[in-house]
Amino acid sequence: MHIIEIYKSLQGESSYAGLPCVFVRLAGCNLRCDWCDSEYTFSGGTRMTDEEVECEVHRLSPQGGLVEITGGEPMLQEREVVPLMQSLFASGYTVLLETSGERPLATVPPEVIKIVDVKCPDSGEGDTFAMDNLQGLRPHDEVKFVIASRRDYIFARDFTRSHGLAAKVASVIFSPAFRKDASGGRDVSHCLVDPRVLAEWMLADEVNARLGLQIHKFIWEPSMKGV
Ligand code: SF4
């Protein structure tokens, strides 16, 4: 498979946020979200076998723990990434898969925790989520909405309600989008929607979701890679 990077950091944007995690970042994405902070994944990468990837994960985290398979869009390399996830789970890791849900997710091993990033309209990639994937959500999975505007918030709120997401998955997360060119200060000025404003919308509407912040962008300089 084509790998951009493998590194250890803190998980930044799910209910696992703050825990140590090894990230396996795959190359390639078929979407082009306006605020994407991972454009460096769109091409290139190093060819690695499943065994080589696993070996590096073991080196970085020999005691087990969290591994997140991310990208890009990892499910574009389904044939290689599905056995990798199975093998990592069998070795004792808790495996997270970050995906847009644009590709079918039926082959994802049931033990893998899917974090599905349903694209909102102002990402420029709205309507790309494959609705069939709703049937495959498990109680340990999570659904995330990255919100860049009031329009995105209303989409996320209505989607959450109309599909009963809170009863289907462990967490529904509303997360303010970060400016993709953010650099310098580690503060909310880089958010496209002020987290306080988003919190007030969620409280006013009694949305059954949690507010999420990309904590790595408040811990490290926002443009830093490999964290
Ligand atoms: S799906 Fe992820 S990697 Fe692909 S363009 Fe959107 S934010 Fe970037």
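Each number in this note's numbering corresponds to the 1-based position in the sequence shown with 8 added. Built from N, CA and C at the ideal position, the CB exists for glycine as well. Remember, it's a predicted structure, so these values are computed and weren't measured experimentally.
Where does residue i sit, in a helix, a strand or coil, going by DSSP?
| i | result |
| --- | --- |
| Glu-133 | coil |
| Ser-157 | coil |
| Pro-184 | strand |
| Cys-37 | coil |
| Glu-214 | coil |
| Glu-47 | helix |
| Asp-140 | helix |
| Asn-208 | Rather than Asn, the amino acid found at residue 208 in this sequence is Glu. Here Glu-208 sits in helix by DSSP. |
| Ser-179 | strand |
| Lys-225 | helix |
| Pro-203 | helix |
| Asp-189 | coil |
| Asp-125 | strand |
| Ser-170 | helix |
| Ser-22 | coil |
| Ser-253 | It is not possible to answer for residue 253, since the shown part of the chain is limited to 9 through 235. |
| His-198 | helix |
Does the Cβ-Cβ distance between residue i and residue j come in under 8 Å?
| i | j | result |
| --- | --- | --- |
| Ile-123 | Glu-88 | no |
| Cys-41 | Glu-133 | yes |
| Phe-182 | Leu-211 | no |
| Phe-97 | Val-120 | yes |
| Pro-82 | Thr-107 | yes |
| Pro-118 | Arg-146 | yes |
| Ile-162 | Pro-184 | no |
Going along the chain, which residues of its own chain have a beta-carbon closer than 8 Å to the beta-carbon of residue i, five neighbours each way excluded?
| i | result |
| --- | --- |
| Gly-53 | His-10, Ile-11, Ile-12, Leu-34, Ala-35 and Gly-36 |
| Phe-186 | Trp-43, Asp-45, His-198, Cys-199, Leu-200, Gln-222, Lys-225 and Pro-230 |
| Leu-27 | Leu-18, Gln-19, Gly-73 and Leu-74 |
| His-171 | Leu-142 |
| Glu-86 | Arg-111 and Thr-115 |
Go through its chain and collect everything with a Cβ distance to residue i's Cβ below 6 Å, but skip five positions before and after it.
| i | result |
| --- | --- |
| Ala-174 | Val-180 and Asn-216 |
| Ala-190 | His-198 and Pro-230 |
| Arg-244 | Because the chain in this structure spans residues 9 to 235, residue 244 falls outside the shown range and cannot be described. |
| Gly-80 | Leu-34, Ala-35, Gly-36, Cys-37 and Thr-49 |
| Ala-207 | Leu-219 |
| Arg-235 | Going by the sequence as given, residue 235 is Val instead of Arg. Around Val-235: Ser-17, His-224 and Trp-228. |
| Lys-176 | Leu-145 |
I believe residue i touches residue j by the beta-carbon criterion, under 8 Å. Please report the beta-carbon distance rounded to the nearest angstrom.
| i | j | result |
| --- | --- | --- |
| Val-116 | Val-75 | So it is not a contact: roughly 14 Å between Cβ atoms. |
| Ile-14 | Val-90 | Wrong, their Cβ atoms sit about 18 Å apart, outside the cutoff. |
| Leu-68 | Lys-16 | 5 Å |
| Ser-22 | Leu-142 | At roughly 19 Å, the Cβ-Cβ gap does not stay under 8 Å, so Ser-22 and Leu-142 are not in contact. |
| Lys-152 | Asp-125 | 5 Å |
| Arg-165 | Asp-213 | 6 Å |
| Ala-178 | His-148 | 5 Å |
Cutting at 7 Å between CB atoms, please list the residues of its own chain near residue i, excluding the five before and the five after it.
| i | result |
| --- | --- |
| Asp-58 | Glu-88, Pro-91, Leu-92 and Ser-95 |
| Arg-204 | none |
| Glu-47 | none |
| Gly-100 | Gly-72 |
| Gly-144 | Leu-113 and Ala-114 |
| Lys-3 | No statement about residue 3 is possible, as the shown extent of the chain runs from 9 to 235 and does not include it. |
**OP:** Starting from the N-terminal side, write out each stretch of the beta strand (DSSP E) that is 3 residues or longer and does not extend beyond the stretch 50-117.
**Re:** With a minimum length of 3 residues, the continuous beta strand (DSSP E) runs that stay inside the stretch 50-117 are 73-78 and 101-107.
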